[in-house]
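Residue numbers (my numbering), protein chains in the order written: chain E, 306 to 469; chain R, 6 to 112.
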Amino acid sequence: MTTALFAVAGAVAVAAAVMVVTSRRIVHAALWLVVTLGAVAGCFGALHAEFVALVQILVYVGAIVVLVLFALMLTKAPTNPLPNLTTARSPFAAAVAVVLALLLGSGVVFAFGNQKIQPVPAGSAETIGTSIFKTWVLPFEILSVLLLAALIGAIALSQRKKED
Amino acid sequence: MPLVLPLLLAVVLFCLGVYGVLARRNAVTILMSLELMLNAVNLNLVAFDAWHLDGLATGQTLAVFVITLAAAEIGLGLAIVLLLFRGHGHVDADAARDLVEHEESPT
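The structure is reproduced here in structure tokens:
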């Protein structure tokens with residue numbers, strides 16, 4: 306049951322990701338990104354990582370895609386299809402991606418080909434919260450400092466006046 | 006569920022992200038492809054967590070951390086893209102050649 310759910314969500318994610326990297330309309334690519342991220346959240350749910358799935362929907366779909374759409378609006382991205390959105394070297398890029406996929410895929414199949422997982426319901430907010438605030442509390446604090454640094458960096462970058 | 010199913014999905018998503026980063030011209034679409042790659046990493050973390058079951062929920066915790074890092078990264082990246090747009094009037098990653106090295110030093 307979970308395998309079928311995961312397969313469906315994964316197929317949707319792959320199809321939408323192909324649209325993200327090949328669509329000729331930038332805004333459509335950003336909206337396909339929403340579909341991809343939602344399908345990946347469904348994959349997390351099928352793996353019994355419900356808290357991660359909810360965080361994925363909240364942060365990625367709710368915040369990051371909105372940021373991307375704002376950036377597209379502020380950079381005056383055209384909404385009509387653009388013929389030159391991909392560079393002339395896209396065949397080489399496709400070759401690199403296919404070779405990398407073959408390498409990584411054969412490695413994964415070779416190493417974990419006959420392993421099975423039995424997802425247990427261990428993805429509740431209680432489990433993750435206990436783990437974060439007991440075992441992972443130092444990385445958690447460092448991460449909050451990093452978020453503050455990123456915030457200050459973004460403000461400093463956007464406040465910079467153009468010289469001469 | 007076989008473990009290779011989520012792992013192969015992560016491989017495909019990661020390679021699509023690699024293709025997008027290499028082939029796209031608009032800087033915002035490059036950032037979107039980066040998000041695809043980070044999602045593949047998260048899928049790996051959650052899959053290995055469901056496989057290993059160490060009782061600490063290590064993979065899921067790290068996946069939440071990576072999502073936070075992605076939020077910080079996209080904020081800074083979009084600030085840089087907006088700065089590029091203000092300075093040049095475009096967000097074409099191929100045409101932004103401010104850091105190009107010339108063969109003979111122009112002095």
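We put the beta carbon where it would ideally sit given N, CA and C, even for glycine.
Excluding five sequence positions before and after glycine 350 of chain E, the CB atoms of its chain that fall closer than 6 Å to its own CB belong to Ala358, given in chain order. Among the residues of the stretch 319-350 of chain E, those with a Cβ less than 8 Å away from any Cβ of chain R are Val319, Ala322, Val323, Val325, Val326, Ile331, Ala334, Ala335, Leu338, Thr341, Leu342, Val345, Cys348 and Phe349, in the order of the chain.
Here asparagine 49 of chain R is buried, its C-beta having at least 16 other C-beta atoms within 10 Å. Aspartate 103 of chain R has a beta carbon lying at 8 Å or more from every beta carbon in chain E.
Within the model, the alpha-carbon separation for aspartate 59 of chain R versus alanine 45 of chain R is close to 21 Å. Among the CB atoms of chain E, one or more fall inside 8 Å of the CB of alanine 76 of chain R.
Given a length threshold of 4 residues, each whole run of the alpha helix (DSSP H) inside the stretch 369-416 of chain E is given here in chain order: 370-379. Put simply, the CB of threonine 440 of chain E is near chain R, with a gap under 8 Å to one of its CB atoms. Within chain E, no C-beta atom comes less than 9 Å from the C-beta of methionine 42 of chain R; the nearest is roughly 10 Å away. In this structure, methionine 37 of chain R lies away from valine 340 of chain E, with their beta-carbon atoms at least 8 Å apart. Collapsing the DSSP output to three states places arginine 91 of chain R in a helix. In terms of CA proximity to alanine 75 of chain R, E:Leu452 leads the group E:Leu452, E:Gly458 and E:Ala461.
Rounded to whole angstroms, the Cβ separation of alanine 399 of chain E and tyrosine 24 of chain R is 6 Å, and the two are in contact under 8 Å.
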